[in-house]
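The opening residue of the sequence shown carries number 11 in my numbering; numbering runs sequentially from there. Just below is one structure, and these are the notes that go with it.
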Amino acid sequence: GEEALEVFHEMPLSGTMPNKVTLIAILTACSYAGKVEEGLEIFESMEPRFFVEPTVEHYSCTVDMLGRAGRIDEAMKLIESMTVKPDATVWGSLLGACRTHSRLDLAEVAATKLFEIEPENAGPYVL
């Protein structure tokens, strides 16, 4: 995580701007390294600083990052504010975090949304 962040912060100094894929990678690195504040700062600066509009993949990484940190309510608020339609990956990230942090209230919401998106997938109901 630290190494990825270091390289990321050096990119603009070398004249290279991060693109959509680079930003997904750095958000994922922040998620796994527990660098939530840095990850949120990067997510929030995507459009104004790097001119990259967040996609469902960026949102999913950020929901996962918040969820891993136990910030389930913030993850739900982010989903509610999404500028693109949340997909199964987004809801699955929230469901996994709810399972880990015993948030049955939001787990039900996430499982219901997953079932609406992928009715053939019974996985979300196996809590």
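Just so you know, even glycine gets a beta-carbon here, dropped at the ideal spot from N, CA and C.
Would you please state the rounded distance, in angstroms, between the beta carbons of V73 and V46? I believe it to be under 8 Å. The Cβ separation is near 12 Å, so there is no contact.
Here's the rule I'm using: 16 or more other beta-carbon atoms within 10 Å means buried, otherwise exposed. How should G25 be labelled? exposed
Classify H19 as buried or exposed, calling it buried when 16 or more other Cβ atoms lie within 10 Å of its own Cβ. exposed
S103, enclosing alpha helix (DSSP H) - first and last residue: A98 to T110
Can you tell which of C108, V94, T93 and E90 has the C-alpha that lies nearest to the C-alpha of G77? C108
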